[in-house]
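Residue numbers (my numbering): 60 to 223.
Written as structure tokens, this is what we have:
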């Protein structure tokens, strides 16, 4: 077959496929034929089973990943709510701490004592001095004091074993 060269810029037109058929040929009508049994080889059955198992395995892996992601999202949202709750509790704790520190102020205590309890400061007339002799009233122990507990025989045995 000789190569034909085209020297134009426009592409050449191809003849359609239907024009090549014989014009006098009649169209055949295909009637339904009884279905023939198609035999599938064992190799094809094994390939089909393997492909099915592979698709099921991929589906199971994707389902597992999706389930884990939902659990991670739930735990993350739970952690966020706990963090916000912790922050609010810490803020409340700090406010209570400030309130306690303010209530422990000596001027506030004195004010509360005067207003609520009707207390007054001592005057010099109300002050009484007590003199104590310098003798020491504490006596040193001369006897050994032993406290006896009511222990059963097993407790006494354990004490003897571990106290030596």
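Ideal Cβ placement from N, Cα and C applies to all residues, glycine included.
Asked: Which runs of the beta strand (DSSP E), 3 residues or longer, sit entirely within the stretch 91-179?; Found: none
Asked: Would you tell me roughly how many angstroms separate the C-alpha atoms of residue 100 and residue 128, rounded to the nearest one?; Found: 42 Å
Asked: Look up residue 181 in the DSSP assignment and say whether it is helix, strand or coil.; Found: coil
Asked: Mapping the DSSP letters down to three states, classify residue 193 as helix, strand or coil.; Found: coil
Asked: Which same chain residues end up closer than 7 Å to residue 185 when comparing Cβ atoms and leaving out the 5 residues on each side of it in sequence?; Found: none
Asked: Let's see if you can read the secondary structure: which residues bound the alpha helix (DSSP H) around residue 217?; Found: 212-221
Asked: On the premise that residue 161 lies in contact with residue 167, defined as a C-beta separation below 8 Å, what is that separation, rounded to the nearest angstrom?; Found: 7 Å
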